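Everything in the sequence shown is counted per UniProt numbering, starting at 1 for the first residue and increasing by one.
Ideal placement from N, C-alpha and C gives every residue a C-beta, glycine not left out.
All values derive from a computational prediction rather than experimental measurement.
Working notes, beginning with the structure itself.
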Amino acid sequence: MSGRRPAKRRQTHEASSSQGFDQQRFISQEVESYHNERLLSRAMVRKRGIQGVDVIAQRRYWEEFVNAPGVANKTLVLEFYANLRFTDQQRHTVMVRGKNINFSARTINSLFGTPSIDTPGEVQEFLEDHPPLDTICDLICRENPQWMLSRLNEPIHFPRTTLTFAADNWLRFVSARLLPSSHTSEVTGERAIMIYAILTDVPFDIGHFLHRSILKSANGGLTMGLYHPSLITALYARAGLERQPGDELLQPDSMIRADRRPPRQAGAPVQPRQRQAPPAPGLELQQQQHFSYQQQWWALWADQMNIPMSSRPHYPPNEPGEPPPNMGDD
Numbered sequence: 001m002s003g004r005r006p007a008k009r010r011q012t013h014e015a016s017s018s019q020g021f022d023q024q025r026f027i028s029q030e031v032e033s034y035h036n037e038r039l040l041s042r043a044m045v046r047k048r049g050i051q052g053v054d055v056i057a058q059r060r061y062w063e064e065f066v067n068a069p070g071v072a073n074k075t076l077v078l079e080f081y082a083n084l085r086f087t088d089q090q091r092h093t094v095m096v097r098g099k100n101i102n103f104s105a106r107t108i109n110s111l112f113g114t115p116s117i118d119t120p121g122e123v124q125e126f127l128e129d130h131p132p133l134d135t136i137c138d139l140i141c142r143e144n145p146q147w148m149l150s151r152l153n154e155p156i157h158f159p160r161t162t163l164t165f166a167a168d169n170w171l172r173f174v175s176a177r178l179l180p181s182s183h184t185s186e187v188t189g190e191r192a193i194m195i196y197a198i199l200t201d202v203p204f205d206i207g208h209f210l211h212r213s214i215l216k217s218a219n220g221g222l223t224m225g226l227y228h229p230s231l232i233t234a235l236y237a238r239a240g241l242e243r244q245p246g247d248e249l250l251q252p253d254s255m256i257r258a259d260r261r262p263p264r265q266a267g268a269p270v271q272p273r274q275r276q277a278p279p280a281p282g283l284e285l286q287q288q289q290h291f292s293y294q295q296q297w298w299a300l301w302a303d304q305m306n307i308p309m310s311s312r313p314h315y316p317p318n319e320p321g322e323p324p325p326n327m328g329d330d
């Protein structure tokens, strides 16, 4: 009959369609497009549980933080990062599915029971003004590490097998919970500094560090992983947002045990890359501009050829800009 009223579900769908985007999940059409066209292709870096770091964890009140992470809601995490990308990042909340998700440093510390620290020399300052790498390696390495150098003669990483047993345990922790990565066979400079900071009792505000890490992940390029999915899922639960039918779950990686360190393999010694003369003034900028041009050219060509994102060349992500140092304190 022509006078029959359409079903309520259909009315709701049509109202949503008239707005052009899913208002329940996203704050704007631009956010939904970013989620569907770009964010879905980014990898999610899962957290792993840690064993063998109890003494320092107790001293720092990190007992809850080092526990095995819970299951993550991948669908919600993607919506969180999509909306965060287009939210004023001076704020510490993100609107998702009608709920304000608070991810401030204070909230994260409250979730884990970790202390808020407001003293000079906190780890963020230490990462920017740290001792020489030789001094750091004297503490965390059993022998002089053989650094792999960049084309600009900057230290990149060294083999994990050079670490002391204690430092190796903390590498697992850093790579699983603070600077998430599935690649732990090599130790980057940043991870070496972080391990040194933990072992030497540098003040460490977990909430502040994770808040800034979430912002950096949100602002990163397509090749940068989406960090801390279990934490973000826990923040959803704290806000009273429940899983909906169709949400995809993400299991955390299995527990990492300190007694499962892979044996050191015998073989030819790693030959360090010899330092070269520093580049001429302005050459580094020219190299960066040339590489950026190549990336843009390949992206345009791939778009013209309709090549899917999974089949395109992946470049190391550009380091996103650092959030302001006082961000996340509220």
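Problem - Contact check, residue 193 vs residue 127, beta carbons under 9 Å - result: Along the sequence shown, one-based indexing puts residue 193 at 193. Along the sequence shown, one-based indexing puts residue 127 at 127. For residue 193 and residue 127, yes; Cβs fall inside 9 Å.
Discussion item. Just to confirm my understanding: we take residue 233, look at its own chain, exclude 5 residues before and 5 after, and list those with CB closer than 6 Å. What are they?
Written reply: Counting from one through the sequence shown, the residue named residue 233 turns up at place 233. Closer than 6 Å at Cβ, skipping near neighbours: 72, 73.
Nearest-angstrom Cβ-Cβ length linking residue 105 and residue 34, presumed shorter than 8 Å
If you number the sequence shown from 1, residue 105 lands on position 105. If you number the sequence shown from 1, residue 34 lands on position 34. Rounded, the Cβ-Cβ distance is 26 Å, inconsistent with contact.
| DSSP three-state assignment for residue 138, whether helix, strand or coil | Here residue 138 refers to the residue found at position 138 when the sequence shown is read from its first residue. Residue 138: helix per DSSP, three-state reduction.
| Sufficient close CB pairs (3 or more, under 8 Å) joining the region 142 to 157 to the region 118 to 126 | no
Supposed contact pair residue 25 and residue 97 - C-beta distance, whole angstroms, cut 8 Å: The sequence position of residue 97 within the sequence shown is 97, counting from 1. The sequence position of residue 25 within the sequence shown is 25, counting from 1. Rounded, the Cβ-Cβ distance is 6 Å, consistent with contact.
Taking just the CA atoms, how far does residue 231 sit from residue 112? Taking the first residue of the sequence shown as position 1, residue 112 is located at position 112. Taking the first residue of the sequence shown as position 1, residue 231 is located at position 231. Near 10 Å, if we compare the C-alpha coordinates of residue 231 and residue 112.
* Hey, residue 187 and residue 163: beta-carbon distance below 9 Å or not? -> Stepping through the sequence shown from its first residue, residue 187 is reached at position 187. Stepping through the sequence shown from its first residue, residue 163 is reached at position 163. Yes.
task: Kindly list the residues whose CB is nearer than 8 Å to the CB of residue 31, restricted to its own chain and excluding five residues on each side of it in sequence; keep chain order.
output: Your numbering for residue 31 matches position 31 in the sequence shown. Hits under 8 Å: 21, 82, 83, 85, 86.
For residue 36, does the count of other Cβ atoms within 10 angstroms reach 16, so buried, or fall short, so exposed?
On the sequence shown, residue 36 is found 36 positions in, with the first residue counted as 1. Looking at its Cβ environment, which holds fewer than 16 other Cβ atoms inside 10 Å, residue 36 is exposed.
Option in 229, 221, 241, 252 with minimal Cα separation from residue 38: Start at 1 with the first residue of the sequence shown, and residue 38 comes out as number 38. It is 221.
| said: If you follow the beta strand (DSSP E) that residue 102 is in, where does it begin and where does it stop? | reply: As a first step, residue 102 must be located in the sequence shown, where it is residue number 102. Start and end: 99 to 102.
Does the separation of the CB atoms of residue 75 and residue 247 fall below 9 Å? The count along the sequence shown starts at 1 and reaches residue 75 at position 75. The count along the sequence shown starts at 1 and reaches residue 247 at position 247. The answer is yes: Cβ separation under 9 Å.
Is DSSP giving residue 164 helix, strand or coil here? Here residue 164 is taken as the residue at index 164 of the sequence shown, counted from 1. Coil, per DSSP.
#### Entry: Simplified DSSP assignment, three categories, for residue 73
Indexing the sequence shown from 1 puts residue 73 at position 73. Strand.
- Range covered by the alpha helix (DSSP H) that runs through residue 157: As a working note, residue 157 is residue 157 in the sequence shown. That residue, residue 157, is in no alpha helix (DSSP H); its beta strand (DSSP E) goes 155 to 159.
Pairwise C-alpha distance: residue 167 and residue 195 | Position 195 of the sequence shown holds residue 195. Position 167 of the sequence shown holds residue 167. The alpha-carbon atoms of residue 195 and residue 167 are separated by roughly 7 Å.
Original post:
What first and last residue would you give for the beta strand (DSSP E) that runs through residue 95?
Top reply: As a position in the sequence shown, residue 95 is number 95, starting the count at 1. Note, residue 95: beta strand (DSSP E), 93 to 96.
Where do the N-terminal and C-terminal ends of the beta strand (DSSP E) with residue 174 fall, by residue?
Position 174 of the sequence shown, counted from the start, is the residue given in the question as residue 174. Neither: residue 174 is in no beta strand (DSSP E) and is coded neither H nor E.
If you compare alpha carbons, which of 238, 243, 242, 214 is closest to residue 229?
Residue 229 sits at position 229 when you count from the first residue of the sequence shown. Checking every option, the nearest Cα to that of residue 229 belongs to 214.
For residue 107, which of helix, strand or coil comes out of DSSP? Numbered from 1 along the sequence shown, position 107 holds the residue referred to as residue 107. Here residue 107 sits in helix by DSSP.
- Query: Going along the chain, which residues of its own chain have a beta-carbon closer than 7 Å to the beta-carbon of residue 218, five neighbours each way excluded?
  - Reply: The residue you call residue 218 lines up with position 218 of the sequence shown. Correct list, in chain order: 81, 84, 85.
request  = Buried or exposed for residue 69, please, with buried defined as at least 16 other CB atoms from any protein chain shown within 10 angstroms of its CB.
outcome  = Position 69 of the sequence shown holds residue 69. Buried, because 16 or more other Cβ atoms sit within 10 Å of the Cβ of residue 69.
Out of 250, 108, 143, 138, point me to the one whose CA is closest to residue 235's CA. Mapped onto the sequence shown, residue 235 falls at position 235. Nearest of 250, 108, 143, 138 to residue 235, Cα basis: 108.
Following the continuous alpha helix (DSSP H) through residue 31, name the residue where it begins and the one where it ends. Along the sequence shown, read from residue 1 onward, the residue named residue 31 stands at position 31. Unbroken alpha helix (DSSP H) run through residue 31: 29 to 37.
Query raised in the report: Expressed to the nearest angstrom, what Euclidean distance is found between the alpha-carbon atoms of residue 93 and residue 204?
Result: Within the sequence shown, the letter at position 93 stands for residue 93. Within the sequence shown, the letter at position 204 stands for residue 204. Roughly 23 Å between the two C-alpha positions.
Note to self: the ligand SAM and residue 30: does any heavy atom of the ligand fall closer than 8 Å to the residue's C-beta?
What the structure shows: The ligand SAM is not among the ligands present in this structure, which contains no ligands whatsoever.
- Task: Express the C-alpha separation of residue 146 and residue 114 in angstroms, rounding to a whole number.
- Result: As a first step, residue 114 is located in the sequence shown; it is residue number 114 there, counting from the start. As a first step, residue 146 is located in the sequence shown; it is residue number 146 there, counting from the start. Rounded to whole angstroms, residue 114 to residue 146 spans 36 Å at the Cα level.
**OP:** Determine the direct distance from the alpha carbon of residue 174 to that of residue 183, and round the result to whole angstroms.
**Re:** As a first step, residue 183 must be located in the sequence shown, where it is residue number 183. As a first step, residue 174 must be located in the sequence shown, where it is residue number 174. Cα to Cα, residue 183 sits roughly 12 Å from residue 174.
Original post:
Could you check where the beta strand (DSSP E) with residue 186 kicks off and where it finishes?
Top reply: Position 186 of the sequence shown, counted from the first residue, corresponds to residue 186. Residues 186 to 188.
Under DSSP, the alpha helix (DSSP H) around residue 242 begins and ends at which residues? Residue numbering aside, residue 242 sits at position 242 when the sequence shown is read from its first letter. Taken as a continuous stretch (DSSP letters only), residue 242 belongs to no alpha helix (DSSP H), as it is neither H nor E.
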